[in-house]
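**Student:**
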Amino acid sequence: MRWDRRSPRSLSITIKDYLDEAGIPYPSDTDIHQAWTWDQFYENAEKLTTKDHVGTNIIMDKGEGLIYALEPFFLEAGAEFVNKDGSSADGYVNSEASVKTMEYLNRFIKNGYANIDPVKDEFLNGKAATLLGGSWNVQDLEKSNLNWGVSYYPVSNDGKAVSPTGDWSAAITKDSKNPEAAKEVLKWFMNTENIASYADTISKPTSRTSAYEHMEGWKEGARALFLWQLQNTGVARPRTPSYSVLSQGFSTAILNVFSGTDPKKELDTVAADFKEDYDTYYKK
Amino acid sequence: MRAAANCGRGGNSLSGVILSAPAVFLLFLFLIVPILGTIYFSFFTYQVMRPDNILFNGFRNYQKLFRDRNFWAALRNSVYFTLLVVPFQCALALGLALLVHSRRRGVSIFRTMYFSPQLTSMVVIAILWVILYNSNASTGLINALLQHFHIGPIDFLNDPKTAMNSIIFMSAWQGAGYQMMIFLAGLNGIPAEQYEAASADGANRLEQFWYITLPGLKNTIKYVFMITLIQAMKLFTQPYIMTKGGPQNRTKTLVYFIYEQGFQKGNFGYACSVAAIFFLIVVTMSLLVKKLTRTN
Chain A
12 MRWDRRSPRS LSITIKDYLD EAGIPYPSDT DIHQAWTWDQ FYENAEKLTT
62 KDHVGTNIIM DKGEGLIYAL EPFFLEAGAE FVNKDGSSAD GYVNSEASVK
112 TMEYLNRFIK NGYANIDPVK DEFLNGKAAT LLGGSWNVQD LEKSNLNWGV
162 SYYPVSNDGK AVSPTGDWSA AITKDSKNPE AAKEVLKWFM NTENIASYAD
212 TISKPTSRTS AYEHMEGWKE GARALFLWQL QNTGVARPRT PSYSVLSQGF
262 STAILNVFSG TDPKKELDTV AADFKEDYDT YYKK
Chain B
7 MRAAANCGRG GNSLSGVILS APAVFLLFLF LIVPILGTIY FSFFTYQVMR
57 PDNILFNGFR NYQKLFRDRN FWAALRNSVY FTLLVVPFQC ALALGLALLV
107 HSRRRGVSIF RTMYFSPQLT SMVVIAILWV ILYNSNASTG LINALLQHFH
157 IGPIDFLNDP KTAMNSIIFM SAWQGAGYQM MIFLAGLNGI PAEQYEAASA
207 DGANRLEQFW YITLPGLKNT IKYVFMITLI QAMKLFTQPY IMTKGGPQNR
257 TKTLVYFIYE QGFQKGNFGY ACSVAAIFFL IVVTMSLLVK KLTRTN
């Protein structure tokens, strides 16, 4: 049994003043069909890069944040990370579409439109003009002096829209000695009132739809857009028991590519390490 | 009288055992037991996500380890770091100690300044240096300074050629203060009369350093060298905070590799085998250094 909250981790958050200076119209926050495409995202990052700030921030962190925030680009390109039952990554994480996506993302770093080592709160301090951010950014932005706005996660050039999801979950293991008692505890933890209070405090949407009657600010504005994305374009991270190896391998691979190595070679290594892990520990 | 003396000795032994028992117990619990546990689990296939499937596999983890190019790369990185940081940090520490080994007014301020990086957590220091090293001159102080001389920008932490050397530099800067204090204590132990006599015999400062200071500090140098070497081989915090083992695995040390295998990938059994080999390597290096620097 599982209960979970879902958190759309990435939207385009923009500093409007920088867009004004560069003569870029604000991206839409009401119509997904007017969202920035990959090409627009890249071209705007180029125009927005000056000696004082870079065009965008695409590095959430150098660990789990990489696969979490950047997976949608791969899915939008038609690449998957693993097969349907999560037993193989060869031909998926290292597919031609994956390689092309890596090359696209690397262009931001290679050309200086995004920092490979963004300082903490780079966007909040005005050092990046746009941010692939998340719902938790909204709380800080509302307290800041930035003139900011939100839009959808960049869509592929042919209009395919995907956004990331996934946050903390609670679960009961199959070996639990008291599953019924554990279930009752979790039902209380995750009841409407408690989940609404928790989600409100940390500014994250919840998968329990009834909670929104008790939560403020989710019917309009930035939070409403997050919720729309969650419900319409959200995709979970790859489902596989070897996820920890996949995630760690992907992070290493993409950072290596950002520092100049060959994407195909790096992704082949990810696929090979995945196979070794899955075959050793999970293959029936 | 002999009986009385023996009673006294027995009583002292018992007191010693009782007084040291808590420390020995804690040492056993937090040092010996984990080491034995590590060696034990190194012979098992143990993935933390499969606690139902912990299987004895003999030496298979060790066979995998010796075939694993990532292990050899991590070992190479650890040895490279150690070979450079130990002499650099010790030389820097000795130099600082000689500078502040003076009765001049105000020198204690410098002693405090040079020691102050030791007072701050390495995590904090590493985060600060990530900012200092930032490749963007509007953020990174070092690149901002270099820009004035029309140099760079240098991507210190993301260029495979400079990443490890950047970590070596900041590690030596952070650690030299502690060794400086040890060298200062050693310098204070060298009788001033030796310098006076040497000076009277016409020896210059360099000769005095070579023939009096260095021999006088021999045991101190051995001690500082040994502890710096052990600490260097255990490098983890700096690559974890600053580079995550990259770029291109150039800063992934053995301890980082153990952490990655055990805590990121959950390959607990394999991580234990690497940890066991790491333990052997450090013990061997320490014994070798001790033997090479032993005087008759």
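So the sequence lines, in the order shown, correspond to chains A and B.
Per our numbering, the first sequence starts with residue 12, numbered consecutively.
Per our numbering, the second sequence starts with residue 7, numbered consecutively.
Just so you know, even glycine gets a beta-carbon here, dropped at the ideal spot from N, CA and C.
What residues are listed by DSSP as bridge partners for phenylalanine 116 (chain B)?
**Tutor:** On the second sequence, residue 116 (chain B) is found 110 positions in, with the first residue counted as 1. Its beta-bridge partners do not exist; DSSP assigns none.
**Student:** Cα-Cα, which of A:Ala100, A:Leu81, A:Ile120, A:Ala182 is closest to glycine 144 (chain A)?
**Tutor:** Taking the first residue of the first sequence as 1, we reach residue 144 (chain A) at position 133. Per the Cα distances, A:Leu81.
**Student:** Under 7 Å from any heavy atom of the ligand NAP, does the C-beta of asparagine 76 (chain B) make it?
**Tutor:** For the ligand NAP, the structure offers nothing, since it holds no ligand at all.
**Student:** Does the beta carbon of serine 172 (chain B) come closer than 8 Å to any beta carbon on chain A?
**Tutor:** Residue numbering aside, residue 172 (chain B) sits at position 166 when the second sequence is read from its first letter. Output row for serine 172 (chain B): interface = no.
**Student:** With a cut-off of 8 Å, does the C-beta of tyrosine 292 (chain A) fall near any C-beta of chain B?
**Tutor:** Your numbering for residue 292 (chain A) matches position 281 in the first sequence. Yes, tyrosine 292 (chain A) counts as interfacial toward chain B.
**Student:** Would you say asparagine 267 (chain A) and glutamine 254 (chain B) are within 8 Å of each other, going by their C-beta atoms?
**Tutor:** On the first sequence, position 256 is the one that residue 267 (chain A) refers to. On the second sequence, position 248 is the one that residue 254 (chain B) refers to. Cβ distance < 8 Å, so asparagine 267 (chain A) and glutamine 254 (chain B) count as in contact.
**Student:** Strictly by DSSP, which residues pair up with alanine 233 (chain A)?
**Tutor:** Within the first sequence, numbered from 1, the residue matching residue 233 (chain A) stands at position 222. Looking at the DSSP assignment, alanine 233 (chain A) forms no beta bridge with any residue, so it has no partner.
**Student:** Determine the direct distance from the alpha carbon of tyrosine 246 (chain B) to that of glycine 268 (chain B), and round the result to whole angstroms.
**Tutor:** Reading the second sequence from its first residue, position 262 is the one you call residue 268 (chain B). Reading the second sequence from its first residue, position 240 is the one you call residue 246 (chain B). For glycine 268 (chain B) and tyrosine 246 (chain B), the distance between alpha carbons rounds to 14 Å.
**Student:** Ordered along the chain, which non-local residues of its own chain (more than five positions away) have a Cβ less than 8 Å from that of lysine 297 (chain B)?
**Tutor:** Translated into the one-based positions of the second sequence, residue 297 (chain B) becomes position 291. Excluding residues within five positions, none has a Cβ falling inside 8 Å.
**Student:** What residues from the stretch 202-231 of chain B come within 8 Å of chain A, judged by C-beta to C-beta, listed N to C?
**Tutor:** So the list is empty, because no residue satisfies the distance condition.
**Student:** On the criterion of 16 or more Cβ atoms from any shown chain inside 10 Å, does valine 289 (chain B) qualify as buried, or is it exposed?
**Tutor:** Here residue 289 (chain B) is taken as the residue at index 283 of the second sequence, counted from 1. That one is exposed.
**Student:** With DSSP run on the structure shown, which of helix, strand or coil describes alanine 56 (chain A)?
**Tutor:** The residue you call residue 56 (chain A) lines up with position 45 of the first sequence. Three-state result, alanine 56 (chain A): helix.
**Student:** Touching or not, the stretch 86-95 of chain A and the stretch 31-47 of chain A, by the rule of three or more beta carbon pairs under 8 Å?
**Tutor:** As far as the Cβ criterion goes, the stretch 86-95 of chain A does not touch the stretch 31-47 of chain A, which means the pair count is below three.
**Student:** Quick test of your reading: threonine 60 (chain A) and phenylalanine 84 (chain A), contact by CB under 8 Å. State the CB separation rounded to the nearest angstrom.
**Tutor:** Here residue 60 (chain A) corresponds to residue number 49 of the first sequence, with the count starting at 1. Here residue 84 (chain A) corresponds to residue number 73 of the first sequence, with the count starting at 1. Threonine 60 (chain A) to phenylalanine 84 (chain A), Cβ: 19 Å. No contact.
**Student:** Less than 7 Å between C-beta atoms, sequence neighbours within five positions excluded: which residues of the same chain meet that for threonine 203 (chain A)?
**Tutor:** The sequence position of residue 203 (chain A) within the first sequence is 192, counting from 1. Closer than 7 Å at Cβ, skipping near neighbours: Arg219, Ser221, Ala222, His225.
**Student:** Near arginine 17 (chain A), what residues of its chain come up, given a Cβ to Cβ distance below 8 Å and the 5 sequence neighbours on each side ignored?
**Tutor:** Sequence index remark: in the first sequence, residue 17 (chain A) carries index 6 (1-based). For arginine 17 (chain A), the predicted model reports a pLDDT of 46, less than 50, meaning its position is unreliable; a value from the coordinates is still stated below. So the qualifying residues of the chain are Thr176, Gly177, Asp178, Pro216, Thr217, Ser218, Leu241, Gly245.
**Student:** For isoleucine 78 (chain A) and valine 230 (chain B), what's the separation of their Cα atoms in angstroms?
**Tutor:** Residue 78 (chain A) sits at position 67 when you count from the first residue of the first sequence. Residue 230 (chain B) sits at position 224 when you count from the first residue of the second sequence. Using only the alpha carbons, I get a separation of about 43 Å.
**Student:** Going along chain B in order, which residues have a C-beta closer than 7 Å to the C-beta of isoleucine 127 (chain A)?
**Tutor:** Here the question's residue 127 (chain A) lines up with position 116 in the first sequence. Under the 7 Å cutoff, chain B gives Asn164.
**Student:** Could you name the residues of chain B that proline 252 (chain A) contacts, counting a contact when the two beta carbons are closer than 7 Å?
**Tutor:** Start at 1 with the first residue of the first sequence, and residue 252 (chain A) comes out as number 241. By Cβ distance, chain B contributes Met55.
**Student:** Of the residues B:Val280, B:Thr226, B:Leu42, B:Leu138, which one's Cα is nearest the Cα of asparagine 67 (chain B)?
**Tutor:** Taking the first residue of the second sequence as 1, we reach residue 67 (chain B) at position 61. It is B:Val280 whose Cα lies nearest to the Cα of asparagine 67 (chain B).
**Student:** Just the chain A side, please: which residues come within less than 8 Å of isoleucine 137 (chain B) by C-beta, in chain order?
**Tutor:** Position 131 of the second sequence, counted from the first residue, corresponds to residue 137 (chain B). Within chain A, the residues near isoleucine 137 (chain B) are Val130.
**Student:** Can you tell me which of A:Phe200, A:Ala247, A:His64, A:Gly228 puts its alpha carbon nearest to the alpha carbon of aspartate 211 (chain A)?
**Tutor:** Translated into the one-based positions of the first sequence, residue 211 (chain A) becomes position 200. It is A:Gly228 whose Cα lies nearest to the Cα of aspartate 211 (chain A).
**Student:** I'd like to know whether the C-beta of glycine 252 (chain B) is nearer than 8 Å to at least one C-beta of chain A.
**Tutor:** Here residue 252 (chain B) corresponds to residue number 246 of the second sequence, with the count starting at 1. Yes, glycine 252 (chain B) lies at the interface with chain A (some Cβ there is under 8 Å from its Cβ).
**Student:** Measuring alpha carbon to alpha carbon, tell me which of B:Gln53, B:Pro159, B:Asp165, B:Ile233 ends up nearest valine 92 (chain B).
**Tutor:** If you number the second sequence from 1, residue 92 (chain B) lands on position 86. Cα-wise, what sits closest to valine 92 (chain B) is B:Ile233.
**Student:** Using the rule of at least 16 other Cβ atoms within 10 Å of the residue's Cβ for burial, across every protein chain shown, is alanine 10 (chain B) buried or exposed?
**Tutor:** For this step, residue 10 (chain B) is matched to residue 4 along the second sequence. Residue confidence is low: alanine 10 (chain B) scores 49 on pLDDT, short of 50, so the model does not pin down where it sits. No coordinate-derived value is stated.
**Student:** Determine the DSSP secondary structure at asparagine 76 (chain B), reduced to helix, strand or coil.
**Tutor:** Taking the second sequence and counting its residues from 1, one reaches residue 76 (chain B) at position 70. Residue state, collapsed to three classes: helix.
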